[in-house]
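Have a look at the structure below, then the notes.
Numbering (full-length UniProt numbering), first residue to last: 1 to 51.
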């Protein structure tokens, strides 16, 4: 399912599963931190632009 399709099913802010969003954001933040700690600038930039 694409991001656009996922967005279409959310009619209001209350429809969003915020626990799931928070979990996904936290995982992404950890990946960015690990890449940054290893000095992998290319991976950091790629993850920061991840959609």
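Each residue gets a CB set at the ideal place from its N, CA and C atoms; glycine is no exception.
Measuring only the C-alpha atoms, how far is residue i from residue j?
i	j	result
residue 10	residue 20	14 Å
residue 32	residue 44	5 Å
residue 35	residue 28	11 Å
residue 48	residue 30	12 Å
residue 42	residue 25	19 Å
Considering just the uninterrupted stretch of the alpha helix (DSSP H) at residue i, what are its terminal residues?
i	result
residue 18	18 to 37
residue 48	41 to 48
Report the three-state DSSP secondary structure of residue i (helix, strand or coil).
i	result
residue 10	coil
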